[in-house]
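Beneath this line is the structure, given in structure tokens, with notes to follow.
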Amino acid sequence: MGVDSTPAPSPSPSRAGRNLPAAIAVGVGLGALILGSLYWQKSLFVVLVLATILVAVDEMIKALRTGGAMIPKVPLFVGTTAMLVAAYFGGPMALLVALGGTILGTLFWRMPGGSVGFVRDVSAGVFLIGYVPLLAGFAVLLVQPDADGPGRVVTFILVVVASDVGGYVAGVLFGKHPMAPTISPKKSWEGFTGSALACIGAGIAAVIFLLHGDWWVGAIVGAVAVLTATVGDLGESMIKRDLGIKDMSNLLPGHGGVMDRLDSLLATAPIVWLLLHLLVKA
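Reminder that position 170 of the sequence shown reads as 170 in full-length UniProt numbering, one-by-one numbering, no gaps.
Okay, here's the thing in structure tokens:
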């Protein structure tokens, strides 16, 4: 009797285009790492964020290279590290100073390569700096307050995850009207409604139980977060469509690359930090 050499079928993606079991397993594992670092030692959370953002920066450098931009890695890696460490120890002003130093370092590092493509490469580098490490710096700023820093980070992550899960479930069950068919064909207005309801609910619960704030603050945080999370997701989709790639990498099973998971988080971090800074007393 011959041996059947037909390869076993790979797990089929769900209607929303994901390998759902793998995506859930990775998400739970990442969540456990984040919570463990937050509530054990806040500095470990910063180390975890830094390691994740360095991988994301590397993914973006490689992705932008497919579009012709040659971004120097050294000043980006050094600058990313400086920005996140500065945010943790020095706050917003230190983050701003480190941002300026990173931009200057990128300019100077590219100069020996000559003038051909200089504007293209530096522009792509500055875009990357503002898009990834700068926005990630606000996630680090969230953890700063001694009294409730971890709770602020968890609130931030919960509203983004709720937006993603709510949109996924509502989109799969009820999605009929495309939201942005030329950018992300699977996104629907029904899915966005699910995102909004889940995000606002998560915001209210998180602010009340984790930060001991008013319910309306949580509602505002959730309502704004669903907008920024959606824009972040669509924005990264635009980048990938422009560059002609499907995922930033295949590092995370069921998710794609690190940037494919960070898009909504990065876009949401600054506004959640600002709202909580203004409306919730530390």
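Glycine included, each C-beta is placed from N, C-alpha and C at the ideal position.
In this text, all values refer to a predicted model and were calculated from it rather than measured experimentally.
Residue of Ile34, Thr81, Ala196 and Leu76 minimising C-alpha distance to Phe127 | Leu76
Measure the C-alpha to C-alpha separation of Phe192 and Gly117 and round it to an integer number of angstroms.
-> 40 Å
Is the CB-CB distance between Val226 and Ser184 below 8 Å?
-> no
Cβ neighbour criterion (16 or more within 10 Å) applied to Gln144 | buried
Check whether the Cβ atoms of Phe156 and Ala139 lie closer than 8 Å to each other.
-> yes
Report all residues from its chain with a CB closer than 7 Å to the CB of Pro270; omit the five preceding and five following residues, and keep chain order.
-> Leu135 and Phe138
Just grab the DSSP bridge partners of Ser184 for me.
-> Ala180
CA-to-CA distance, Ala69 to Gly166, given in whole angstroms | 36 Å
Backbone CA spacing between Ala82 and Leu50 [nearest angstrom] | 10 Å
Hey, how far is the Cα of Leu276 from the Cα of Val217?
-> 8 Å
Cut-off 7 Å between Cβ atoms - residues of its own chain near Trp189, not counting five sequence neighbours on either side = His177 and Met179
Whole runs of the beta strand (DSSP E) within the segment 148 to 221, excluding any shorter than 3 residues | 178 to 180 and 184 to 188
Could you tell me if residue 299 is buried or exposed, where buried requires 16 or more neighbouring beta carbons within 10 angstroms of its beta carbon?
-> There is simply no residue 299 to check, as the chain begins at 1 and stops at 282 in what is shown.
Would you say Pro72 and Trp109 are within 8 Å of each other, going by their C-beta atoms?
-> yes
For Thr6, which residues from the same chain have a beta carbon less than 8 Å from its beta carbon, with the 5 sequence-adjacent residues on both sides left out?
-> Unreliable placement is indicated for Thr6, whose pLDDT of 42 sits below 50; no coordinate value is reported for it.
Whole angstroms is fine: what's the gap from Ile163's alpha carbon to Ala206's?
-> First, the residue type needs correcting, since residue 163 is Ser and not Ile in the sequence shown. Between Ser163 and Ala206, the C-alpha separation is close to 14 Å.
Proximity to Val160 [Cα-Cα], best of Ile200, Val169, Asp148 and Leu142 = Ile200
Secondary structure at Gly36, three-state DSSP: helix, strand or coil?
-> helix
Residue range of the alpha helix (DSSP H) that includes Ile71 | Per DSSP, Ile71 belongs to no alpha helix (DSSP H) and is neither H nor E.
Given Ser249, which residues of its chain have a CB within under 6 Å of its CB, disregarding the five upstream and five downstream residues?
-> Glu59 and Gly257
Of the residues Tyr168, Val280, Leu266 and Ala219, which one's Cα is nearest the Cα of Gly232?
-> Leu266
Would you kindly check if the distance between the Cβ of Trp273 and the Cβ of Leu158 is under 8 Å?
-> no
Grouping DSSP H, G and I as helix and E and B as strand, with all else coil, what is Ala267?
-> helix
Which of helix, strand or coil does DSSP assign to Ala98?
-> helix
Measuring CB to CB, does Ile53 end up less than 8 Å from Leu99?
-> no
Do Leu210 and Gly151 have their C-beta atoms closer together than 8 Å?
-> yes
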